[in-house]
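S.K.:
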Amino acid sequence: MDTSLALSATSIINTLDLEALSPGEHCLELQLQTNGLGLPRRLPLRAFKAQAAGPKLLISAGVHGDETNGMLTAHGIAQVLSDKLLSGTVVVAPIINQSGALLHRRESYSSDPEAAYHDINRLFPGSAAGCGNQRLVAELWQKLFSLGFDMAIDLHSQTRSCNYPLFVFADYRVPAALRMAKLMGPDMLLDDPGDKGVLETEMNRIGVPCITVEVGEGKQYQPLLIQRAVEGIRRILAEHDMLEGFESHLPPCIEGTKLSTHRAEGGGFVIPSVQLLEKVEVGQELAVHYDGWGRELRRYQAKVPGWVVSLNTDPIRDAGALVVKLLCK
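All the letters of the sequence shown, read from the start, carry residue numbers 84 to 412 under our numbering.
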(Lines of atoms letter the chains of each structure in order from A and count residues from 1; the text may use other names and numbers.)
(Lines give C-alpha, C1' and ligand atoms only; values in the text may rest on other atoms or scores of the structure.)
Protein backbone atom coordinates (compact mmCIF):
# COMPACT_ATOMS: atom_id res chain seq x y z
CA MET A 1 0.00 0.00 0.00
CA ASP A 2 1.25 3.48 -0.88
CA THR A 3 1.04 5.24 2.48
CA SER A 4 1.42 8.63 0.79
CA LEU A 5 -2.18 8.20 -0.41
CA ALA A 6 -3.57 7.23 2.98
CA LEU A 7 -6.37 9.56 4.09
CA SER A 8 -7.59 10.40 7.56
CA ALA A 9 -11.00 8.98 8.38
CA THR A 10 -14.05 11.16 7.93
CA SER A 11 -17.11 11.29 10.17
CA ILE A 12 -20.65 11.62 8.83
CA ILE A 13 -22.66 14.07 10.93
CA ASN A 14 -26.23 15.36 10.81
CA THR A 15 -25.42 18.56 12.72
CA LEU A 16 -22.27 20.54 13.44
CA ASP A 17 -22.01 21.52 17.11
CA LEU A 18 -19.17 24.01 17.50
CA GLU A 19 -19.25 23.85 21.30
CA ALA A 20 -19.23 20.05 21.48
CA LEU A 21 -16.44 19.74 18.91
CA SER A 22 -13.34 18.29 20.56
CA PRO A 23 -9.95 20.04 20.19
CA GLY A 24 -7.97 18.96 17.14
CA GLU A 25 -8.61 18.52 13.43
CA HIS A 26 -11.76 16.87 12.06
CA CYS A 27 -12.65 15.77 8.52
CA LEU A 28 -16.43 15.75 8.42
CA GLU A 29 -19.26 15.04 5.99
CA LEU A 30 -22.36 17.05 6.84
CA GLN A 31 -25.51 15.16 5.86
CA LEU A 32 -27.86 17.27 3.71
CA GLN A 33 -31.10 16.57 1.86
CA THR A 34 -31.09 13.58 -0.48
CA ASN A 35 -30.66 14.16 -4.21
CA GLY A 36 -33.21 13.42 -6.95
CA LEU A 37 -32.39 9.71 -6.78
CA GLY A 38 -33.02 9.58 -3.05
CA LEU A 39 -29.30 9.13 -2.36
CA PRO A 40 -27.35 10.95 0.38
CA ARG A 41 -25.85 14.35 -0.30
CA ARG A 42 -22.96 15.28 1.99
CA LEU A 43 -20.97 18.48 2.40
CA PRO A 44 -17.23 18.10 3.08
CA LEU A 45 -15.96 20.14 6.04
CA ARG A 46 -12.61 20.47 7.77
CA ALA A 47 -12.87 21.75 11.32
CA PHE A 48 -9.98 22.89 13.50
CA LYS A 49 -10.38 23.61 17.19
CA ALA A 50 -7.61 24.75 19.53
CA GLN A 51 -7.30 23.94 23.22
CA ALA A 52 -7.60 27.66 24.03
CA ALA A 53 -10.90 29.48 23.56
CA GLY A 54 -11.10 32.13 20.87
CA PRO A 55 -13.07 33.41 17.87
CA LYS A 56 -14.99 31.13 15.54
CA LEU A 57 -14.26 31.66 11.83
CA LEU A 58 -16.12 30.13 8.88
CA ILE A 59 -14.33 29.92 5.51
CA SER A 60 -16.60 28.91 2.62
CA ALA A 61 -15.82 28.39 -1.06
CA GLY A 62 -17.42 26.94 -4.16
CA VAL A 63 -20.78 28.67 -3.76
CA HIS A 64 -20.31 29.11 -7.50
CA GLY A 65 -19.24 25.82 -9.02
CA ASP A 66 -16.84 27.15 -11.67
CA GLU A 67 -14.71 29.23 -9.27
CA THR A 68 -11.85 26.81 -8.70
CA ASN A 69 -9.31 29.26 -7.27
CA GLY A 70 -11.60 29.94 -4.31
CA MET A 71 -11.90 26.22 -3.57
CA LEU A 72 -8.12 25.77 -3.79
CA THR A 73 -7.62 28.74 -1.48
CA ALA A 74 -9.87 26.99 1.06
CA HIS A 75 -7.76 23.85 0.69
CA GLY A 76 -4.59 25.91 1.09
CA ILE A 77 -5.62 27.54 4.37
CA ALA A 78 -6.79 24.16 5.72
CA GLN A 79 -3.33 22.78 5.00
CA VAL A 80 -1.77 25.72 6.85
CA LEU A 81 -4.01 25.24 9.88
CA SER A 82 -3.18 21.61 10.56
CA ASP A 83 -1.65 21.44 14.08
CA LYS A 84 -1.03 25.19 14.12
CA LEU A 85 -4.22 26.79 15.47
CA LEU A 86 -3.43 28.58 18.75
CA SER A 87 -6.94 29.51 19.83
CA GLY A 88 -10.52 29.42 18.65
CA THR A 89 -12.22 27.38 15.94
CA VAL A 90 -12.00 27.45 12.15
CA VAL A 91 -14.43 25.57 9.91
CA VAL A 92 -13.53 25.27 6.21
CA ALA A 93 -16.28 24.37 3.72
CA PRO A 94 -14.43 24.17 0.38
CA ILE A 95 -17.16 22.93 -1.98
CA ILE A 96 -20.59 24.36 -1.19
CA ASN A 97 -22.07 23.88 -4.69
CA GLN A 98 -21.17 20.31 -5.61
CA SER A 99 -23.56 19.96 -8.56
CA GLY A 100 -22.18 23.11 -10.21
CA ALA A 101 -18.57 22.07 -9.57
CA LEU A 102 -19.10 18.68 -11.23
CA LEU A 103 -20.66 20.36 -14.28
CA HIS A 104 -18.09 23.20 -14.40
CA ARG A 105 -20.93 25.66 -14.04
CA ARG A 106 -21.63 28.65 -11.79
CA GLU A 107 -25.15 27.60 -10.83
CA SER A 108 -26.46 24.86 -8.55
CA TYR A 109 -28.43 22.23 -10.48
CA SER A 110 -31.57 20.37 -9.46
CA SER A 111 -33.45 17.50 -11.10
CA ASP A 112 -36.64 19.57 -10.74
CA PRO A 113 -37.60 20.40 -14.37
CA GLU A 114 -39.47 23.53 -13.26
CA ALA A 115 -36.49 24.95 -11.32
CA ALA A 116 -33.46 23.26 -12.81
CA TYR A 117 -30.71 25.68 -11.82
CA HIS A 118 -30.06 28.80 -9.75
CA ASP A 119 -27.27 31.12 -8.72
CA ILE A 120 -27.54 30.17 -5.07
CA ASN A 121 -25.60 33.28 -4.04
CA ARG A 122 -28.82 35.16 -4.65
CA LEU A 123 -30.99 32.83 -2.52
CA PHE A 124 -29.63 33.08 1.04
CA PRO A 125 -30.97 32.37 3.64
CA GLY A 126 -33.14 30.11 1.47
CA SER A 127 -36.67 28.83 1.95
CA ALA A 128 -37.64 25.53 3.56
CA ALA A 129 -40.87 25.63 1.53
CA GLY A 130 -39.31 26.60 -1.82
CA CYS A 131 -37.89 24.69 -4.78
CA GLY A 132 -35.01 22.24 -4.46
CA ASN A 133 -32.22 24.82 -4.56
CA GLN A 134 -34.06 27.15 -2.16
CA ARG A 135 -34.47 24.26 0.27
CA LEU A 136 -30.81 23.29 -0.12
CA VAL A 137 -29.74 26.86 0.73
CA ALA A 138 -32.09 26.91 3.72
CA GLU A 139 -30.52 23.69 5.01
CA LEU A 140 -27.01 25.05 4.48
CA TRP A 141 -28.02 28.20 6.35
CA GLN A 142 -29.49 26.25 9.26
CA LYS A 143 -26.76 23.62 9.52
CA LEU A 144 -23.69 25.74 8.77
CA PHE A 145 -23.89 29.48 8.20
CA SER A 146 -26.08 30.43 11.18
CA LEU A 147 -24.26 28.38 13.83
CA GLY A 148 -22.88 31.35 15.75
CA PHE A 149 -19.62 32.18 13.99
CA ASP A 150 -17.85 35.41 14.94
CA MET A 151 -16.64 36.16 11.40
CA ALA A 152 -16.80 34.67 7.92
CA ILE A 153 -14.88 34.70 4.64
CA ASP A 154 -16.57 33.62 1.40
CA LEU A 155 -14.06 32.71 -1.33
CA HIS A 156 -14.86 33.19 -5.01
CA SER A 157 -13.27 34.04 -8.37
CA GLN A 158 -14.64 35.57 -11.55
CA THR A 159 -16.70 33.25 -13.69
CA ARG A 160 -15.40 31.40 -16.76
CA SER A 161 -13.80 33.47 -19.57
CA CYS A 162 -13.42 36.56 -17.33
CA ASN A 163 -10.80 37.51 -14.76
CA TYR A 164 -10.26 39.46 -11.56
CA PRO A 165 -7.17 40.44 -9.60
CA LEU A 166 -7.24 39.72 -5.85
CA PHE A 167 -10.43 41.69 -5.26
CA VAL A 168 -12.45 42.01 -2.04
CA PHE A 169 -16.03 43.14 -1.41
CA ALA A 170 -16.62 44.57 2.08
CA ASP A 171 -19.41 46.57 3.68
CA TYR A 172 -17.58 49.63 5.04
CA ARG A 173 -20.37 50.12 7.58
CA VAL A 174 -19.15 46.96 9.34
CA PRO A 175 -15.73 47.90 10.83
CA ALA A 176 -14.71 44.29 11.50
CA ALA A 177 -15.45 43.35 7.89
CA LEU A 178 -13.45 46.32 6.57
CA ARG A 179 -10.51 45.35 8.79
CA MET A 180 -10.58 41.79 7.44
CA ALA A 181 -10.71 43.14 3.90
CA LYS A 182 -7.62 45.32 4.40
CA LEU A 183 -5.72 42.43 6.01
CA MET A 184 -6.34 40.32 2.89
CA GLY A 185 -3.89 42.61 1.06
CA PRO A 186 -6.06 42.87 -2.07
CA ASP A 187 -5.26 44.67 -5.31
CA MET A 188 -8.73 46.21 -5.24
CA LEU A 189 -11.41 46.75 -2.61
CA LEU A 190 -15.07 47.65 -3.16
CA ASP A 191 -17.22 49.36 -0.54
CA ASP A 192 -20.14 46.96 -0.91
CA PRO A 193 -23.39 47.63 0.99
CA GLY A 194 -24.57 44.29 -0.36
CA ASP A 195 -27.54 42.85 -2.19
CA LYS A 196 -30.36 40.78 -0.75
CA GLY A 197 -29.73 37.05 -1.00
CA VAL A 198 -25.95 37.28 -1.25
CA LEU A 199 -24.17 35.26 1.43
CA GLU A 200 -21.90 38.14 2.51
CA THR A 201 -24.90 40.46 2.90
CA GLU A 202 -26.98 37.97 4.86
CA MET A 203 -24.11 37.08 7.21
CA ASN A 204 -23.53 40.76 7.96
CA ARG A 205 -27.28 41.13 8.51
CA ILE A 206 -27.24 38.59 11.36
CA GLY A 207 -24.21 40.25 12.96
CA VAL A 208 -21.42 38.06 11.55
CA PRO A 209 -18.79 40.27 9.83
CA CYS A 210 -18.24 38.77 6.40
CA ILE A 211 -16.24 39.59 3.27
CA THR A 212 -16.30 38.21 -0.28
CA VAL A 213 -12.83 37.47 -1.65
CA GLU A 214 -12.42 37.11 -5.43
CA VAL A 215 -9.33 35.13 -6.43
CA GLY A 216 -8.59 35.59 -10.13
CA GLU A 217 -10.30 33.87 -13.05
CA GLY A 218 -12.95 31.17 -13.16
CA LYS A 219 -11.92 27.61 -14.08
CA GLN A 220 -8.23 28.48 -13.87
CA TYR A 221 -5.43 27.43 -11.53
CA GLN A 222 -3.52 30.57 -10.51
CA PRO A 223 -1.12 29.56 -7.73
CA LEU A 224 0.32 33.02 -7.04
CA LEU A 225 -3.12 34.55 -6.46
CA ILE A 226 -4.15 31.54 -4.37
CA GLN A 227 -1.04 31.91 -2.23
CA ARG A 228 -1.72 35.62 -1.72
CA ALA A 229 -5.28 34.83 -0.62
CA VAL A 230 -4.03 32.17 1.80
CA GLU A 231 -1.55 34.66 3.26
CA GLY A 232 -4.35 37.20 3.65
CA ILE A 233 -6.43 34.76 5.68
CA ARG A 234 -3.35 33.95 7.75
CA ARG A 235 -3.04 37.66 8.58
CA ILE A 236 -6.66 37.74 9.71
CA LEU A 237 -6.08 34.72 11.96
CA ALA A 238 -2.89 36.24 13.37
CA GLU A 239 -4.72 39.50 14.08
CA HIS A 240 -7.04 37.51 16.38
CA ASP A 241 -4.18 35.54 18.00
CA MET A 242 -5.36 32.34 16.32
CA LEU A 243 -2.08 31.81 14.45
CA GLU A 244 1.44 33.03 14.99
CA GLY A 245 2.07 36.33 13.27
CA PHE A 246 4.35 36.56 10.26
CA GLU A 247 6.03 39.35 8.36
CA SER A 248 4.24 40.26 5.17
CA HIS A 249 4.17 43.53 3.27
CA LEU A 250 0.72 45.01 2.68
CA PRO A 251 0.80 47.02 -0.55
CA PRO A 252 -1.70 49.86 -0.99
CA CYS A 253 -4.89 48.80 -2.73
CA ILE A 254 -7.24 50.61 -5.08
CA GLU A 255 -10.55 51.38 -3.35
CA GLY A 256 -13.85 52.19 -5.00
CA THR A 257 -17.55 52.57 -4.28
CA LYS A 258 -19.16 51.33 -7.51
CA LEU A 259 -18.63 49.20 -10.60
CA SER A 260 -19.17 50.26 -14.22
CA THR A 261 -19.72 47.37 -16.63
CA HIS A 262 -19.23 47.68 -20.38
CA ARG A 263 -20.97 44.91 -22.34
CA ALA A 264 -20.81 43.68 -25.92
CA GLU A 265 -23.29 45.47 -28.16
CA GLY A 266 -23.57 42.44 -30.43
CA GLY A 267 -21.99 39.07 -31.05
CA GLY A 268 -18.47 38.64 -32.33
CA PHE A 269 -14.83 38.65 -31.31
CA VAL A 270 -13.85 41.28 -28.74
CA ILE A 271 -10.17 42.00 -28.11
CA PRO A 272 -9.33 44.06 -24.98
CA SER A 273 -7.15 47.16 -25.39
CA VAL A 274 -6.46 47.54 -21.66
CA GLN A 275 -4.97 45.41 -18.91
CA LEU A 276 -6.11 44.38 -15.47
CA LEU A 277 -5.55 47.12 -12.82
CA GLU A 278 -4.95 49.78 -15.50
CA LYS A 279 -6.28 53.27 -14.77
CA VAL A 280 -8.49 54.59 -17.58
CA GLU A 281 -10.07 57.94 -18.34
CA VAL A 282 -13.39 58.83 -19.96
CA GLY A 283 -13.26 58.13 -23.68
CA GLN A 284 -10.22 55.84 -23.50
CA GLU A 285 -10.40 52.79 -25.75
CA LEU A 286 -11.23 49.61 -23.85
CA ALA A 287 -11.68 46.99 -26.58
CA VAL A 288 -12.14 46.41 -30.32
CA HIS A 289 -15.05 44.31 -31.64
CA TYR A 290 -14.79 42.22 -34.85
CA ASP A 291 -17.37 40.17 -36.71
CA GLY A 292 -17.02 36.53 -37.79
CA TRP A 293 -15.06 37.57 -40.90
CA GLY A 294 -12.56 39.56 -38.85
CA ARG A 295 -13.93 42.95 -39.92
CA GLU A 296 -13.93 45.68 -37.30
CA LEU A 297 -17.43 46.54 -36.11
CA ARG A 298 -16.91 49.00 -33.28
CA ARG A 299 -14.63 50.21 -30.52
CA TYR A 300 -15.62 50.50 -26.89
CA GLN A 301 -14.66 53.58 -24.87
CA ALA A 302 -14.76 54.14 -21.13
CA LYS A 303 -17.95 55.89 -20.04
CA VAL A 304 -16.49 56.88 -16.66
CA PRO A 305 -12.98 57.05 -15.16
CA GLY A 306 -11.81 54.07 -13.13
CA TRP A 307 -9.51 51.08 -12.87
CA VAL A 308 -9.85 47.85 -14.81
CA VAL A 309 -11.07 45.21 -12.35
CA SER A 310 -12.26 42.64 -14.90
CA LEU A 311 -12.21 41.92 -18.61
CA ASN A 312 -13.00 39.07 -20.97
CA THR A 313 -10.30 36.43 -21.50
CA ASP A 314 -12.30 34.59 -24.20
CA PRO A 315 -12.67 36.82 -27.30
CA ILE A 316 -15.95 35.18 -28.37
CA ARG A 317 -18.73 37.33 -26.95
CA ASP A 318 -22.50 37.17 -27.24
CA ALA A 319 -24.49 40.38 -27.13
CA GLY A 320 -24.60 41.59 -23.54
CA ALA A 321 -21.52 39.65 -22.43
CA LEU A 322 -18.90 41.35 -20.27
CA VAL A 323 -16.20 43.30 -22.10
CA VAL A 324 -14.62 45.38 -19.36
CA LYS A 325 -15.62 46.18 -15.76
CA LEU A 326 -14.23 49.25 -14.01
CA LEU A 327 -13.88 49.99 -10.31
CA CYS A 328 -14.82 53.63 -9.76
CA LYS A 329 -14.58 56.11 -6.92
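Quick reminder that beta carbons are idealized off the backbone N, C-alpha and C, glycines included.
It should be emphasised that the depicted structure is a prediction, and the values quoted were computed from it without experimental measurement.
Can you tell me the Cβ-Cβ gap for residue 179 and residue 144, rounded? I've got them flagged as a contact below 8 Å.
M.R.: The residue you call residue 179 lines up with position 96 of the sequence shown. The residue you call residue 144 lines up with position 61 of the sequence shown. About 7 Å separates the two Cβ atoms, so the contact holds.
S.K.: Do you know offhand how far residue 337's Cα is from residue 403's?
M.R.: On the sequence shown, residue 337 is found 254 positions in, with the first residue counted as 1. On the sequence shown, residue 403 is found 320 positions in, with the first residue counted as 1. If I take the Cα positions, the gap works out to 27 Å.
S.K.: Going by the beta-carbon positions, is the gap between residue 316 and residue 252 smaller than 8 Å?
M.R.: Translated into positions along the sequence shown, residue 316 becomes position 233. Translated into positions along the sequence shown, residue 252 becomes position 169. No, these two residues do not count as a Cβ contact at 8 Å.
S.K.: What's the C-alpha gap between residue 397 and residue 296?
M.R.: Locating residue 397 in the sequence shown gives position 314, counting from the first residue. Locating residue 296 in the sequence shown gives position 213, counting from the first residue. Taking the straight line joining both Cα atoms gives about 23 Å.
S.K.: Please state the DSSP three-state secondary structure of residue 244.
M.R.: Numbered from 1 along the sequence shown, position 161 holds the residue referred to as residue 244. It is coil, neither helix nor strand.
S.K.: Mapping DSSP to helix, strand and coil, what is residue 381?
M.R.: Here residue 381 refers to the residue found at position 298 of the sequence shown. Correct three-state label for residue 381: strand.
S.K.: Between residue 205 and the rest of its own chain, which residues show a CB-CB distance below 6 Å, the 5 nearest in sequence each way excluded?
M.R.: On the sequence shown, residue 205 is found 122 positions in, with the first residue counted as 1. Around residue 205: 280.
S.K.: Could you check the C-alpha separation between residue 370 and residue 400 for me, to the nearest Å?
M.R.: Numbered from 1 along the sequence shown, position 287 holds the residue referred to as residue 370. Numbered from 1 along the sequence shown, position 317 holds the residue referred to as residue 400. Taking the straight line from one Cα to the other gives about 12 Å.
S.K.: Near residue 141, which residues of its chain fall below 6 Å by C-beta distance, leaving aside the five closest residues on each side in sequence?
M.R.: Within the sequence shown, residue 141 is the residue found at index 58, counting from 1. Around residue 141: 174, 232 and 235.
S.K.: Mapping DSSP to helix, strand and coil, what is residue 258?
M.R.: In the sequence shown, the residue the question calls residue 258 occupies position 175. Residue state, collapsed to three classes: helix.
S.K.: For the alpha helix (DSSP H) that contains residue 308, what are its first and last residues?
M.R.: Here residue 308 refers to the residue found at position 225 of the sequence shown. Looking at the DSSP string, the run of the alpha helix (DSSP H) that includes residue 308 is 306-322.
S.K.: Based on the DSSP output, what are the partners of residue 344 in its beta bridges?
M.R.: Along the sequence shown, read from residue 1 onward, the residue named residue 344 stands at position 261. Beta-bridge pairing links residue 344 to 408.
S.K.: Give the range of the beta strand (DSSP E) segment to which residue 361 is assigned.
M.R.: On the sequence shown, position 278 is the one that residue 361 refers to. Per DSSP, residue 361 belongs to no beta strand (DSSP E) and is neither H nor E.
S.K.: Less than 8 Å between the C-beta atoms of residue 313 and residue 160, yes or no?
M.R.: Residue numbering aside, residue 313 sits at position 230 when the sequence shown is read from its first letter. Residue numbering aside, residue 160 sits at position 77 when the sequence shown is read from its first letter. Yes, the pair counts as a contact, with Cβ atoms nearer than the cut-off.
S.K.: Ordered along the chain, which non-local residues of its own chain (more than five positions away) have a Cβ less than 7 Å from that of residue 216?
M.R.: In the sequence shown, the residue the question calls residue 216 occupies position 133. Cβ within range, chain order: 191, 193, 198, 201, 203 and 206.
S.K.: Determine the DSSP secondary structure at residue 286, reduced to helix, strand or coil.
M.R.: Counting from 1 along the sequence shown, the entry for residue 286 is found at position 203. Correct three-state label for residue 286: helix.
S.K.: Which stretch, first to last residue, makes up the beta strand (DSSP E) that contains residue 136?
M.R.: The sequence position of residue 136 within the sequence shown is 53, counting from 1. Per DSSP, residue 136 belongs to the beta strand (DSSP E) from 135-144.
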